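According to our numbering, the sequence shown is numbered sequentially starting from 4. For each residue, glycine too, the CB sits at the ideal point set by N, CA and C. What you are looking at is a predicted structure, and each value in this text was computed from that prediction instead of being measured.
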Amino acid sequence: MCGIVGGTSNRNILPILIEGLRRLEYRGYDSAGVAYKTNGKISLVKNAGRVDDLAAKLNLKTNKSNIGIAHTRWATHGVPSEKNAHPHNSKNNIYVVHNGIIENHSALKEMLKKEGFKFSSQTDTEVIAHLIQLYTEKGKDLDSAVISTIAKLKGAYALGVLDKNNPDTLIGVRQQSPLVIGEGFEEKFIASDIMALSNITNKFKFMDDGQIAILEKDQITVTSSSGVAARLKTQEVDSNAYTNDLKGYSHFMEKEIFEQSDVIKDSLEGRLTKNESQEGIFGVGFEKEMKNISNIQIIACGTSFHAGRIFEFWSHKFLGINCRVDYGSEYQYQEPIKTDKTLLITISQSGETADTLSSLKFAKKSGDPVTLTICNVANSSLCRESDYALLTKAGPEIGVASTKAFVTQLACLNLLLLTLMRVHNKLPAARKKITAALKDLPKLINKTLKMTGEYKQVAKLLFKRNSALFLGRGLYFPIAREGALKLKEISYIHAEAYPGGELKHGPLALIDKNMPVIALAPDNEHLAKITSNIEEVAARKGKVITIGPLGRTKIDKNGGHIKIPKTLDLLNPIVSVVPLQLIAYYTAVFKGTDVDKPRNLAKSVTVE
Ligand code: M6R
Numbered sequence: 004m005c006g007i008v009g010g011t012s013n014r015n016i017l018p019i020l021i022e023g024l025r026r027l028e029y030r031g032y033d034s035a036g037v038a039y040k041t042n043g044k045i046s047l048v049k050n051a052g053r054v055d056d057l058a059a060k061l062n063l064k065t066n067k068s069n070i071g072i073a074h075t076r077w078a079t080h081g082v083p084s085e086k087n088a089h090p091h092n093s094k095n096n097i098y099v100v101h102n103g104i105i106e107n108h109s110a111l112k113e114m115l116k117k118e119g120f121k122f123s124s125q126t127d128t129e130v131i132a133h134l135i136q137l138y139t140e141k142g143k144d145l146d147s148a149v150i151s152t153i154a155k156l157k158g159a160y161a162l163g164v165l166d167k168n169n170p171d172t173l174i175g176v177r178q179q180s181p182l183v184i185g186e187g188f189e190e191k192f193i194a195s196d197i198m199a200l201s202n203i204t205n206k207f208k209f210m211d212d213g214q215i216a217i218l219e220k221d222q223i224t225v226t227s228s229s230g231v232a233a234r235l236k237t238q239e240v241d242s243n244a245y246t247n248d249l250k251g252y253s254h255f256m257e258k259e260i261f262e263q264s265d266v267i268k269d270s271l272e273g274r275l276t277k278n279e280s281q282e283g284i285f286g287v288g289f290e291k292e293m294k295n296i297s298n299i300q301i302i303a304c305g306t307s308f309h310a311g312r313i314f315e316f317w318s319h320k321f322l323g324i325n326c327r328v329d330y331g332s333e334y335q336y337q338e339p340i341k342t343d344k345t346l347l348i349t350i351s352q353s354g355e356t357a358d359t360l361s362s363l364k365f366a367k368k369s370g371d372p373v374t375l376t377i378c379n380v381a382n383s384s385l386c387r388e389s390d391y392a393l394l395t396k397a398g399p400e401i402g403v404a405s406t407k408a409f410v411t412q413l414a415c416l417n418l419l420l421l422t423l424m425r426v427h428n429k430l431p432a433a434r435k436k437i438t439a440a441l442k443d444l445p446k447l448i449n450k451t452l453k454m455t456g457e458y459k460q461v462a463k464l465l466f467k468r469n470s471a472l473f474l475g476r477g478l479y480f481p482i483a484r485e486g487a488l489k490l491k492e493i494s495y496i497h498a499e500a501y502p503g504g505e506l507k508h509g510p511l512a513l514i515d516k517n518m519p520v521i522a523l524a525p526d527n528e529h530l531a532k533i534t535s536n537i538e539e540v541a542a543r544k545g546k547v548i549t550i551g552p553l554g555r556t557k558i559d560k561n562g563g564h565i566k567i568p569k570t571l572d573l574l575n576p577i578v579s580v581v582p583l584q585l586i587a588y589y590t591a592v593f594k595g596t597d598v599d600k601p602r603n604l605a606k607s608v609t610v611e
């Protein structure tokens, strides 16, 4: 949510900042801006709209600078507009870019107004620029003014600060919103994530909450929020992994869907033996701690929540361990109940989702769980806050709609299932079968990816509709929900998912010839009942499309069936989600929406 990039260098920084913003645009894309210094003067260029519009306005051919900060915005306070776009400034001296929310901004605004400061935006960010200015006017140097300012702020924020009177210094602050430092030869950068700078450097320092980084071309000083010096080690990352190349695909979402067979392979690589999960993959001490676990709590949001709901079924069936799944945004509203030793799992692509992160912190405060995160981003906040982490290895996911992250989350949750089954000595024969099926999964995903003609046929039935209904039972209900989420977020078609049995308790009233219904028809004990639900829809002239491993593929203007490859029932949801992703994708393409950057959304939701 919002992207920050800034840097100081001997070379012209502006193309680096603009390319950094392009690479960060998936985090927010309603407006953008840049502040840069040339000959002691700071210029400010802002724009409502996309980074490309900003680049055109900036005129990269003539303008040059060695130090600057830039921002791409996802609006929280105030409409997307040029006025509300960052950077914000105070008295043309202090310039600030911000990711996060300042919860006490109203009180600070009142106080600053009394001090004579004028506000020109509706944002919460502007108070930060004025506070820093206020403290410098009171005689503090820039570093101390920033320290005094953050002592006043409540909320989550990552900041980039530029001061007209400190021509060679750039300041970065991290407090519950991500910020990394990139290092080059005689040039230093800050950014919301590695992606922004991976074409510039592979050397990064990962800041901790409460830290301030003072960057000069040839030096980085990091301190705590009280000014005590801190040391951060430099880590080398594989910057090739952070490419923003579409590799011939039309959209990142399409590319990421078609990568799914490979990324599942990557996430299983070296983590399975012939018949089992490999010992130690969750880190030293994890398996010992798991012996005493009698309760599992999962916290996640959106697509990651759906992965958690599937694990809930696996846990009950194969482990006999009670598992509860809560939304990150809801978990804290339930009074915590003391239970025996709990394994608390957070699931997240970004590792920065504020709702999930704050619930993890809450759970740690109110109990003593063993915490594990299934996460796609090493060094993310969730990885750092958790006792254990298993990286999903999906590679960077850029499309706002989560796809390859989901299937790798499920592959990793399956590794967790196998590990807990081994630790708790459950069902050795089943473990062997699951292991074999898991290894086979990439092949089946590949086959499923090939049926694009059928998915396009279904998309043609959908793209002119206003609504669609998704049905599933048991562990296919979370998949139905995932299908509805994909369709609604990128095609803006209202889509809902229901457990098949709930249809007659209300939603059946919606069915007529204009309502397409997509039903998951597995080869398990639920088939007969879901078939009855499908009949109920057909009897009311609804168009039904079924997806499952039985029958023959046939689609016409009235609906039909898509046959997918068959595997063990517990893994079939992973195969079933692929058609739903591609149906949503082609529907959005036919509608002509902005697939990778759907309206109002952002990839990494770093505000609660
Ligand atoms: O990074 P996370 O997995 O924690 O993100 C959670 C949700 O914000 C995310 O899955 C969101 O729902 C996606 N846009 C769904 O496609």
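**Item:** residue 404 CB to nearest heavy atom of the ligand NAD below 7 Å
**Value:** This structure lacks the ligand NAD; its bound ligands are the ligand M6R.
**Sub-8 Å separation of residue 131 and residue 105 beta-carbons** = In the sequence shown, counting from the first residue as 1, residue 131 sits at position 128. In the sequence shown, counting from the first residue as 1, residue 105 sits at position 102. Going by C-beta atoms, residue 131 is nearer than 8 Å to residue 105.
**Request:** Count the C-beta pairs between the region 66-75 and the region 238-257 that are closer than 8 Å, then say yes if the count reaches three, no if not.
**Result:** Output reads no: the region 238-257 does not touch the region 66-75.
**Same chain, Cβ closer than 8 Å to residue 60, five either side skipped, listed in chain order** = As a working note, residue 60 is residue 57 in the sequence shown. Cβ within range, chain order: 48, 50.
**Asked** Is residue 415 near the ligand M6R, with its Cβ less than 7 Å from a heavy atom?
**Response** For the purposes of this step, residue 415 is identified with residue 412 of the sequence shown, where counting begins at 1. No; taking the cut-off as 7 Å, the Cβ of residue 415 has no heavy atom of the ligand M6R nearer than that.
**Request:** Using 7 Å as the cut-off, classify the Cβ of residue 311 as near or not near the heavy atoms of the ligand M6R, replying yes or no.
**Result:** Counting from one through the sequence shown, the residue named residue 311 turns up at place 308. Not so, every heavy atom of the ligand M6R lies at least 7 Å from the Cβ.
**Asked** For residue 316, does the three-state DSSP call read helix, strand or coil?
**Response** As a working mapping, residue 316 is identified with position 313 in the sequence shown. Residue 316: helix per DSSP, three-state reduction.
**Prompt:** What does residue 209 pair with, by DSSP beta-bridge criteria?
**Reply:** Along the sequence shown, one-based indexing puts residue 209 at 206. BP columns for residue 209 point to 183.
**Message:** Looking at the strands, I want to know which residues DSSP matches up with residue 497.
**Reply:** Here residue 497 refers to the residue found at position 494 when the sequence shown is read from its first residue. Per DSSP, 470.
**Prompt:** Just checking my contact of residue 362 with residue 334 at CB under 8 Å: how many whole Å lie between their CB atoms?
**Reply:** Residue mapping note: residue 362 aligns to position 359 of the sequence shown, counting from 1. Residue mapping note: residue 334 aligns to position 331 of the sequence shown, counting from 1. Between residue 362 and residue 334, the beta carbon gap of about 4 Å places them in contact (Cβ cut-off 8 Å).
**Message:** Following a CB-centred definition, is residue 145 positioned closer than 7 Å to any heavy atom of the ligand M6R?
**Reply:** Start at 1 with the first residue of the sequence shown, and residue 145 comes out as number 142. Answer for residue 145: no, Cβ out of range of the ligand M6R.
**Beta carbon proximity, residue 191 to chain C, threshold 8 Å** = Looking at the structure shown, chain C is missing, and only one protein chain is on hand.
**Request:** Give a yes or no on contact between the region 341-355 and the region 363-378, applying the rule of three or more CB pairs nearer than 8 Å.
**Result:** Three or more beta-carbon pairs drawn from the region 341-355 and the region 363-378 are found closer than 8 Å, and the two stretches are therefore classed as touching.
**Request:** Report the partner residues of residue 178 according to the DSSP bridge assignment.
**Result:** Along the sequence shown, one-based indexing puts residue 178 at 175. Residue pairing of residue 178 in beta bridges, as defined by DSSP: 160.
**Message:** With a threshold of 8 Å, are at least 3 pairs of Cβ atoms found where one atom belongs to the region 463-473 and the other to the region 503-519?
**Reply:** Remark: three or more beta-carbon pairs, one from each stretch, lie closer than 8 Å, so the region 463-473 and the region 503-519 are flagged as touching.
**Request:** Look up residue 188 in the DSSP assignment and say whether it is helix, strand or coil.
**Result:** The count along the sequence shown starts at 1 and reaches residue 188 at position 185. Three-state result, residue 188: coil.
**Proximity below 8 Å, CB of residue 418 to CB of residue 312** = Mapped onto the sequence shown, residue 418 falls at position 415. Mapped onto the sequence shown, residue 312 falls at position 309. For residue 418 and residue 312, no; Cβs fall outside 8 Å.
**Message:** Could you check if residue 306 belongs to the surroundings of the ligand M6R, using beta carbon to heavy atom distance under 7 Å?
**Reply:** As a working mapping, residue 306 is identified with position 303 in the sequence shown. At a cut-off of 7 Å, the beta-carbon of residue 306 counts as near the ligand M6R: some heavy atom of the ligand is closer than that.
**Prompt:** Does the ligand M6R have even one heavy atom less than 7 Å from the beta-carbon of residue 351?
**Reply:** As a working mapping, residue 351 is identified with position 348 in the sequence shown. Answer for residue 351: yes, Cβ within range of the ligand M6R.
**Item:** Residue range of the beta strand (DSSP E) that includes residue 274
**Value:** Within the sequence shown, numbered from 1, the residue matching residue 274 stands at position 271. No beta strand (DSSP E) contains residue 274, which DSSP labels as neither H nor E.
**Asked** For the candidate residues 166, 437, 367, 223, whose alpha-carbon lies nearest to that of residue 187?
**Response** Here residue 187 refers to the residue found at position 184 when the sequence shown is read from its first residue. The shortest Cα separation from residue 187 among 166, 437, 367, 223 belongs to 223.
**Message:** Taking the straight line between their C-alpha atoms, what separation do you get for residue 25 and residue 211?
**Reply:** The count along the sequence shown starts at 1 and reaches residue 25 at position 22. The count along the sequence shown starts at 1 and reaches residue 211 at position 208. Counting only the Cα atoms, residue 211 lies some 25 Å from residue 25.
**Message:** For residue 279 and residue 447, I'd like the C-alpha separation in whole angstroms.
**Reply:** For the purposes of this step, residue 279 is taken as the residue at position 276 of the sequence shown. For the purposes of this step, residue 447 is taken as the residue at position 444 of the sequence shown. Rounded to the nearest angstrom, the two C-alpha atoms are 20 Å apart.
**Message:** Runs of 3 residues minimum, wholly inside the region 538-567: which ones carry the beta strand (DSSP E) assignment?
**Reply:** With a minimum length of 3 residues, the continuous beta strand (DSSP E) runs that stay inside the region 538-567 are 546-551, 557-559, 562-566.
**Prompt:** What do you reckon, are the CB atoms on residue 503 and residue 550 nearer than 8 Å?
**Reply:** Position 500 of the sequence shown, counted from the first residue, corresponds to residue 503. Position 547 of the sequence shown, counted from the first residue, corresponds to residue 550. Taking 8 Å as the cut-off, the beta carbon of residue 503 is found no closer than this to the beta carbon of residue 550.
**Prompt:** If you draw a straight line from the C-alpha of residue 263 to the C-alpha of residue 413, how long is it?
**Reply:** Working through the sequence shown from its first residue, we reach residue 263 at position 260. Working through the sequence shown from its first residue, we reach residue 413 at position 410. If you take the alpha carbons of residue 263 and residue 413, they lie about 12 Å apart.
**Asked** Under three-state DSSP, which class holds residue 125?
**Response** Indexing the sequence shown from 1 puts residue 125 at position 122. Under the three-state reduction of DSSP output, residue 125 falls in the coil class, being neither helix nor strand.
**Request:** Report yes if the CB atom of residue 404 is closer than 8 Å to the CB atom of residue 493, and no otherwise.
**Result:** Taking the sequence shown and counting its residues from 1, one reaches residue 404 at position 401. Taking the sequence shown and counting its residues from 1, one reaches residue 493 at position 490. Yes. Within cutoff.
**Prompt:** Is residue 356 near the ligand M6R, going by C-beta to nearest heavy atom under 7 Å?
**Reply:** Taking the first residue of the sequence shown as position 1, residue 356 is located at position 353. It does: the Cβ of residue 356 is within 7 Å (strictly closer) of some heavy atom of the ligand M6R.
**Asked** How would you call residue 140, buried or exposed, if buried means at least 16 neighbouring beta carbons within 10 angstroms?
**Response** Counted from its first residue, the sequence shown places residue 140 at position 137. It is exposed - the Cβ of residue 140 has fewer than 16 other Cβ atoms within 10 Å.
**Message:** For residue 250, which residues in the same chain have their Cβ closer than 8 Å to its Cβ, ignoring the five residues on either side in sequence?
**Reply:** Translated into positions along the sequence shown, residue 250 becomes position 247. The beta carbon of residue 250 sits closer than 8 Å to those of 258, all from its chain and outside the five residues before and after it, given in chain order.
**Asked** Could you give the distance in angstroms between the alpha-carbon of residue 126 and the alpha-carbon of residue 486?
**Response** Taking the sequence shown and counting its residues from 1, the one referred to as residue 126 is at position 123. Taking the sequence shown and counting its residues from 1, the one referred to as residue 486 is at position 483. The C-alpha of residue 486 is placed about 35 Å away from the C-alpha of residue 126.
**Request:** Just the C-alpha distance for residue 204 and residue 185, rounded to the nearest angstrom, thanks.
**Result:** The residue labelled residue 204 in the question sits at position 201 within the sequence shown. The residue labelled residue 185 in the question sits at position 182 within the sequence shown. Here the alpha carbon of residue 204 sits roughly 7 Å from the alpha carbon of residue 185.
**Message:** Given the structure, does residue 531 come close to the ligand M6R, in the sense that its CB is under 7 Å from one of the ligand's heavy atoms?
**Reply:** Walking along the sequence shown from the start, residue 531 turns up at place 528. Set against 7 Å, the gap from the CB of residue 531 to the closest heavy atom of the ligand M6R is not smaller.
**Prompt:** Taking the C-alpha atoms as reference points, what is the distance between residue 247 and residue 254?
**Reply:** For the purposes of this step, residue 247 is taken as residue 244 along the sequence shown, with counting starting at 1. For the purposes of this step, residue 254 is taken as residue 251 along the sequence shown, with counting starting at 1. Taking the straight line from one Cα to the other gives about 11 Å.
**Prompt:** Taking 7 Å as the cut-off, is the CB of residue 604 close to at least one heavy atom of the ligand M6R?
**Reply:** Counting from one through the sequence shown, the residue named residue 604 turns up at place 601. Checking every heavy atom of the ligand M6R against the Cβ of residue 604, one is found closer than 7 Å.
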